[in-house]
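Asker: Once you've had a glance at the structure underneath, I'll fire off some questions.
Number of protein chains: 2
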Amino acid sequence: MKASQFLISTLKEAPADAEVVSHQLMMRAGMVKKLGAGIYSWMPMGLRVVRKIEAIVREEMNRAGAVEMLMPVIQPAEVWQETGRWSKMGPELMRVKDRHDRDYIVQPTSEEVVTDVARQELRSYKQLPRNLYHIQTKFRDERRPRFGVMRSREFIMKDAYSFDRDPASAKASYATMAKAYRAIFDRFGLRYRAVAADSGAIGGDLSEEFQVIAATGEDAIIYCPDSDYAANIEKAEALAPQGSRPAATQPMQKVPTPGKSTCADVAQLLGIPLQRTVKSLVLATDQLNEAGEIVKSQLWLLLLRGDHDMNEIKVGKVPGLDAGFRFATNAEIVDHFGTPPGYLGPIGLKKPLNVVADREVAVMADWVCGANEEGFHTTGVNWGRDLPEPFAVADLRNVVEGDLSPDGKGKLAIERGIEVGHVFYLGTKYSKPMNATFLDESGKPQLMEMGCYGIGITRLPAAAIEQNNDDRGIIWPDAIAPFTIAVCPIGMDRSAEVKAAAEKLHDDLVAAGVDVILDDRGERPGAMFADWELIGVPHRIVVSDRGLKEGQLEYQHRRDAAATKVPVAEASAFLRGRVQA
Amino acid sequence: MKASQFLISTLKEAPADAEVVSHQLMMRAGMVKKLGAGIYSWMPMGLRVVRKIEAIVREEMNRAGAVEMLMPVIQPAEVWQETGRWSKMGPELMRVKDRHDRDYIVQPTSEEVVTDVARQELRSYKQLPRNLYHIQTKFRDERRPRFGVMRSREFIMKDAYSFDRDPASAKASYATMAKAYRAIFDRFGLRYRAVAADSGAIGGDLSEEFQVIAATGEDAIIYCPDSDYAANIEKAEALAPQGSRPAATQPMQKVPTPGKSTCADVAQLLGIPLQRTVKSLVLATDQLNEAGEIVKSQLWLLLLRGDHDMNEIKVGKVPGLDAGFRFATNAEIVDHFGTPPGYLGPIGLKKPLNVVADREVAVMADWVCGANEEGFHTTGVNWGRDLPEPFAVADLRNVVEGDLSPDGKGKLAIERGIEVGHVFYLGTKYSKPMNATFLDESGKPQLMEMGCYGIGITRLPAAAIEQNNDDRGIIWPDAIAPFTIAVCPIGMDRSAEVKAAAEKLHDDLVAAGVDVILDDRGERPGAMFADWELIGVPHRIVVSDRGLKEGQLEYQHRRDAAATKVPVAEASAFLRGRVQA
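Rendered as structure tokens:
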């Protein structure tokens, strides 16, 4: 490819609304162009990256036995009503009416449509297992689209769906996909982790996120440096502390803490470690009548150590809270505790409620909590002596750096990541409401077992950039770079030798199947180098009159501090040896 | 590819709503699956055809210097309001609101978005000419979607847009695309014609449709068998008849024609050729005030020979009618002619109107028309003697078989076609309202000259099938077949020799880059052959025990009446020699 025949459009400054480095660099490098909030055109330079990602994904999906199809962007409401997602999904689901006033959605994923295909096409156990996927435009009407293509509204996703005859086979299909994903992400050339994720109501451990590691990532990745344990923050288990609860050493005592409504403030006032304080969170569960009205509510008091954060996923698994919960209203809190939030605690409650202690709190002694009176806390609180043992003890919190690894092989560390893939065992979540059955050996209809497997195709370039950039611009891994090599001639318009050498090298590399661009735009060296450094082409070779006199070209990898001289005659072979793809 | 790892799903019967053969065969061959009215999933077998079409289009577009990008499916209303298409386009334009109640459309084409990109990116004459294209999902909310993917609502289109500094350069860009389109359609292996089409208000001859020839096509293609003239029915010019108007030989006479309100009925009653009758069509043009209300209307009487059909595009070019016209209302007709339609004519009118005669009518003598009195016609009518010469003479009609070719090289013939491509010179139609300018050499802003170039990617498989099918199924050209060769082993499960020979041939062909499928499903020969004939794979090779004993395989092209024996050792080379791709 010659640069003069391509569309290169770099900017000195990123637009003001580009908050993160990947968005800034993609705009500056001319990879994408904003059309509206969360809606981008992929410019030629960016589209090349997308196409390379798609090609890798397609190859590995096919190799893993998945079959490509293409499902529509605009989907009739009917199938979405069958699974209930039509009403369950909120405004993120873009709804549209046609000229006859019939309802449609703009697909955010395709579980319903693929299940509809499967229930028609896969009628016998002989046709299973089967994995169908497509790479297609999706839309999610995000409340606050941001970070460019990282959280855009329109995007391209690869979504695959497996259909199996039973859970054992479905789990094998899941494992095949999890392995294919590792092959895909290995080929991208990005540092990533496959982290265990919560599998929701399905249970089991068959949900993994593929996270590209980046300090700027939105997600916390929990991992053990001494083992292969990795999970997301929702999933990572906080083990019960080792050892048993110490004996009480302090009397219980009410102390004035005027204006100190947070654990941190109270700890500071009392001169004690934050780890000695306990925070009270009040939840409610509701009993509804047939009309959906609340008939009766039950309050729950959750106790967490002052320095810990509640994990809603884990709380949602506590028996009694697992059918859904909400935070209690201010009125409910005052009614039960006699005081508004800030000074709450489990001592001397006016009305009964269920006290659930985090595993950590359950083994604490001499702790501090609110006194259920504004401006007062209680110190020296001890289980059994001052209040009954908790109704339940459970893992309620997010893990923190230094917690024990659930696999017992060391301590947990935390890094940041960007989720770009997800493999998920669905069970019969979709096949059941849609009655997607096949006939087994005995001719009896059985529900299909499903899995779903997504890769955020257009999110990946942004994640790759968040991981690989410097103050000059992007640094692409070879496999997904828009071009692998930039041939940069200096003074091509003045020197026939430079022109000939640059074009020969370009042609040789093209013939060898290397994705090379020859910068024949006639830019000055500084501007030309700055462009390719911003765009992030990993390999650069400079052709100059001075170099040619010595029979040399100058090679520099985007990460190299300085250039390496390469004899002209060896340049093509040298470069081919450097390229990893 | 092995069939057991693919999704093959053939049907004995097409669904009842499949009216045309391509729709029937695509459904029966498992190429597409209906999700809703005019909305289809592309099943794996069909998607392979689409991808091959896309690849050919992409290669030739790139070769012609166009650069690929990707514009969004969901586009903000704002750019569509700039060109006025937001309000001008009717319910075919699918409109959607986001969660913030902002207006968007689901793209039917991308003129607005690409012009928005161009006005930002192409700022200097140095960056022109430029051609940008994308291959993307489109939506048109057809009133009556039908014929499967032939007239679906969601479809994939390749749309390219050229930007040039002046009309001369734009015309060169147009010519480059017209040439690229010929290369593309040649590669598809379909019989097609590039036909001149009307270029609307732009004028000139820079609009061509690419029509796949098929007896079932919706469009009439006018061509001259003795020259390269070809045009669509809207465009094809009806030349003025040779020779001058004959002298009058009959007196004008009012004759009773009770109940005979059509030219055909009148000709039959009077025992004269239909070619002697003249039909009267009444149009109106309106003068509007600033509020858009009709201030004054002018009626027009169009005269066409009884056997000819009016061509609205041509009528719209008659001076005075070129700013828009409508058919006159019944009330207007009665007011002017004193009688409702059926017995109208240009003789003895109560009020003045503009009479426009078709070229053919202008040279007729002794003709028959309505007498402006119910149940009566007038015979022996002659220009000049019985009525004034017409206000205007123009080409108002569709050509018919046997008309003179406009290039003077023979007579016109008509065949049917399916439009699958269109190249069009736009001028400043979009750049002007959107103020898409570049700076010329003197630093002055100039409007860009544009062209647009579409190919109906997902319509092409249907058009190809309409052209290439028989009672057993589809017959794909090699270049766009889902698989090029089907290797059909007989009794693969019983015979190790058959299995080994079939797999070796498959592997050899794969290694040679041939798109082959090995049918390892274990179907009986009859069912297996019927499947591949229905699916339309062009080349079939049968591996059987009986054949192997003689050292032979049996080859049959989908169009061949019988099989040819091929020595086993030569089979791979033989097949590679047969494949055209």
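So the protein sequences, as listed, match chains A and B.
The first sequence begins at 544 in the working numbering and counts up one residue at a time.
The second sequence begins at 544 in the working numbering and counts up one residue at a time.
Don't be surprised by glycine CBs; every beta carbon is placed ideally from N, CA and C.
A quick note: this is a predicted structure, and the numbers were derived from the prediction, not measured.
#1: Kindly indicate the opening and closing residues of the beta strand (DSSP E) around Val616(A).
#2: Considering just the uninterrupted stretch of the beta strand (DSSP E) at Ser705(B), what are its terminal residues?
#3: Against chain B, with Cβ distances strictly below 8 Å, would Ile617(A) count as a contact?
#4: Report the option in Ala790(B), Met907(B), Ile815(B) whose CA atom is closest to the CA atom of Arg848(B).
#5: So, with DSSP's three-state summary, where would you put Leu636(A)?
#6: Pick from Asp1074(A), Gly1034(A), Pro794(A): whose alpha carbon is nearest that of Arg1089(A)?
#7: From Lys822(A), Gln754(A), Phe731(A), Leu733(A), pick the residue whose C-alpha is nearest to that of Ala739(A); which is it?
#8: Can you tell me which residues form a DSSP beta bridge with Arg689(B)?
#9: How is Val1122(A) classed by DSSP in three states: helix, strand or coil?
#10: Let me check one thing: in DSSP terms, what residues is Gly999(A) bridge-paired to?
#11: Within the 8 Å Cβ cut-off, does Lys631(B) reach chain D?
#12: Measure how close the beta-carbons of Val1030(A) and Ile1084(A) come, nearest whole angstrom, since I'm counting them as under 8 Å.
#13: Could you tell me how far apart the beta carbons of Asp702(A) and Ser653(A) are, in whole angstroms, since I believe they sit closer than 8 Å?
#14: May I ask you to report which of helix, strand or coil DSSP gives Lys631(A)?
#15: Taking only runs that begin and end inside the stretch 1034–1067 of chain A, name each unbroken alpha helix (DSSP H) of 4 or more residues, in chain order.
#16: Can you grab the Cα-Cα spacing for the pair Tyr772(B) / Ser787(B), in whole Å?
#17: Quick one: Cα of Pro816(B) to Cα of Ala758(B), how far?
#18: Output, in chain order, the set of chain B residues within a Cβ distance shorter than 7 Å of Trp585(A).
#19: Could you pull out every residue in the same chain whose Cβ sits closer than 6 Å to the Cβ of Ser552(A), ignoring the five residues on either side in sequence?
#20: For a contact defined as C-beta to C-beta under 9 Å, what are the partners of Ser712(B) on chain A?
#21: Kindly list the residues whose CB is nearer than 6 Å to the CB of Asn925(B), restricted to its own chain and excluding five residues on each side of it in sequence; keep chain order.
#22: Is Pro587(A) helix, strand or coil when you go by DSSP?
#23: Please name the residue or residues paired with Met993(B) in a DSSP beta bridge.
#24: In chain order, what residues of the same chain have a beta carbon less than 8 Å from the beta carbon of Ala1022(A), not counting five sequence neighbours either side?
#25: CB of Ala1007(B) to nearest heavy atom of the ligand SAH: below 7 Å?
#26: For the beta strand (DSSP E) that Gln650(B) lies in, which residues bound it at each end?
#27: Output, in chain order, the set of chain A residues within a Cβ distance shorter than 7 Å of Gln548(B).
#28: Does chain A have any CB closer than 8 Å to the CB of Gly1090(B)?
#29: What residue range does the alpha helix (DSSP H) around Glu855(B) cover?
#30: Please report the distance separating the alpha-carbon of Phe934(B) from that of Ser742(B).
#31: Using a Cβ-Cβ cutoff of 9 Å, what residues of the stretch 1066–1092 of chain A are near chain B? List them in chain order.
#32: Ser1115(A) by DSSP, collapsed to three states: which one?
#33: So, are the CB atoms of Gly561(B) and Gly691(B) less than 8 Å apart?
#34: Can you pull the chain B residues whose beta carbon is under 8 Å from the beta carbon of Gly918(A), in chain order?
#35: Run through the DSSP bridge pairs and tell me what Asn1012(A) is partnered with.
#36: Residues of the stretch 677–695 of chain B in Cβ contact with chain A at a cutoff of 9 Å, in chain order, please.
Answerer: On the basis of the data shown:
#1: For Val616(A), there is no enclosing beta strand (DSSP E), as DSSP marks it with neither H nor E.
#2: DSSP places Ser705(B) in the uninterrupted beta strand (DSSP E) bounded by 697–707.
#3: Chain B, which has a Cβ nearer than 8 Å to the Cβ of Ile617(A), makes this yes.
#4: For the options Ala790(B), Met907(B), Ile815(B), the alpha carbon positioned closest to that of Arg848(B) is the one of Met907(B).
#5: Coil.
#6: Nearest of Asp1074(A), Gly1034(A), Pro794(A) to Arg1089(A), Cα basis: Gly1034(A).
#7: Comparing alpha-carbon positions, the option among Lys822(A), Gln754(A), Phe731(A), Leu733(A) lying closest to Ala739(A) turns out to be Gln754(A).
#8: As a beta-bridge residue in DSSP terms, Arg689(B) pairs with Arg694(B).
#9: Correct three-state label for Val1122(A): coil.
#10: Per DSSP, Met700(A).
#11: Among the chains of the structure shown, chain D does not appear; the protein chains present are A and B.
#12: Separation of the CB atoms of Val1030(A) and Ile1084(A) is rounded to 5 Å, and the pair is thereby assigned contact status at 8 Å.
#13: In this structure, Asp702(A) and Ser653(A) form a Cβ contact; the two beta carbons are roughly 6 Å apart against a cut-off of 8 Å.
#14: Lys631(A) falls in the helix class under three-state DSSP.
#15: Given a length threshold of 4 residues, each whole run of the alpha helix (DSSP H) inside the stretch 1034–1067 of chain A is given here in chain order: 1039–1054.
#16: It is roughly 26 Å from the alpha-carbon of Tyr772(B) to the alpha-carbon of Ser787(B).
#17: Their backbone Cα atoms lie some 29 Å apart in a straight line.
#18: Under a criterion of Cβ atoms nearer than 7 Å, the residues of chain B adjacent to Trp585(A) are, in order, Met612, Leu613.
#19: Once the five neighbours on either side are set aside, the close Cβ partners of Ser552(A) are Gly573.
#20: The premise fails here: Ser712(B) is roughly 16 Å from chain A at the closest Cβ pair, so nothing lies under 9 Å.
#21: Closer than 6 Å at Cβ, skipping near neighbours: Ala791, Ala908.
#22: Helix.
#23: Beta-bridge partners of Met993(B) (DSSP): Phe706(B), Gly970(B).
#24: Same-chain partners within the cutoff: Lys595, Ile599, Arg730, Phe731, Gly732, Gln1123, Ala1124.
#25: Looking at this structure, you won't find the ligand SAH or any other ligand, since it has none at all.
#26: No beta strand (DSSP E) contains Gln650(B), which DSSP labels as neither H nor E.
#27: Within chain A, the residues near Gln548(B) are Gly608.
#28: Taking 8 Å as the CB threshold, Gly1090(B) stays off the interface with chain A.
#29: 855–858 is the extent of the alpha helix (DSSP H) around Glu855(B).
#30: Cα to Cα, Phe934(B) sits roughly 26 Å from Ser742(B).
#31: So nothing in the stretch comes that close.
#32: DSSP places Ser1115(A) in helix when its eight states are reduced to three.
#33: Rather than Gly, the amino acid found at residue 561(B) in this sequence is Ala. Yes, they are a contact pair.
#34: What Gly918(A) touches in chain B: nothing, since even the nearest Cβ is about 43 Å away.
#35: When beta bridges are read from the DSSP output, Asn1012(A) appears opposite Ile1017(A).
#36: Taken in chain order, the members of the stretch 677–695 of chain B whose beta-carbon sits within less than 9 Å of a beta-carbon on chain A are His677, Gln679, Thr680, Phe682, Asp684, Glu685, Arg686.
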